[in-house]
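*Asks:* According to the working numbering, the sequence shown holds residues 1 to 126 in order.
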Amino acid sequence: MSVYTSVEKEELEAFLADYSVGGLLGYEGISDGIENTNYFVDTVEARWVLTIFEHHTTEELGFFLELMEFLAQHQIPSALPKRNRSGVILGQIKNKPAALVQRLNGKSIQLATLAQCRAVGRALGQ
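1. Helix, strand or coil: which one does DSSP assign to alanine 46?
2. Applying the 10 Å Cβ sphere with the 16-neighbour rule, what's the burial state of alanine 98?
3. Among Phe70, Ser78, Gln73 and Leu65, which one has its Cα closest to the Cα of valine 88?
4. Three or more beta-carbon pairs under 8 Å between the stretch 101 to 117 and the stretch 42 to 55, yes or no?
5. According to DSSP, is alanine 17 helix, strand or coil?
6. What alpha helix (DSSP H) runs, 4 residues minimum, are completely inside the stretch 32 to 115?
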């Protein structure tokens, strides 16, 4: 289970108000994952993943989110974090750091096939 921090609809709507994503259409917890709370979030603008970081500090996370942003902006397959209206890449919900990230198509892979490993290798080699 990957929902350690429960979020009420009103709390999520307040969080999303800081972002230019339109109104909340729906959300659900994601069972995949190990140590963070994750939700699929659908808004008028797009589909997102909200990650609430359970054990990391804002300082630790800034680097990784900015790396994800850099990769996505340079056409390297990576989810693009959404900056809030103030240009900040990391928000807070329930006094924990949280990020809203573009939801990519696909599903979690438990055991990669040889073809999937080749595809990852090709993408990394570019």
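Here a beta-carbon is modelled for each residue, glycine too, at the ideal position from N, C-alpha and C. Predicted model, so just to flag it, every value in this text is computed and none were measured.
*Replies:* In terms of the structure at hand:
1. coil
2. buried
3. Leu65
4. yes
5. coil
6. 58 to 73
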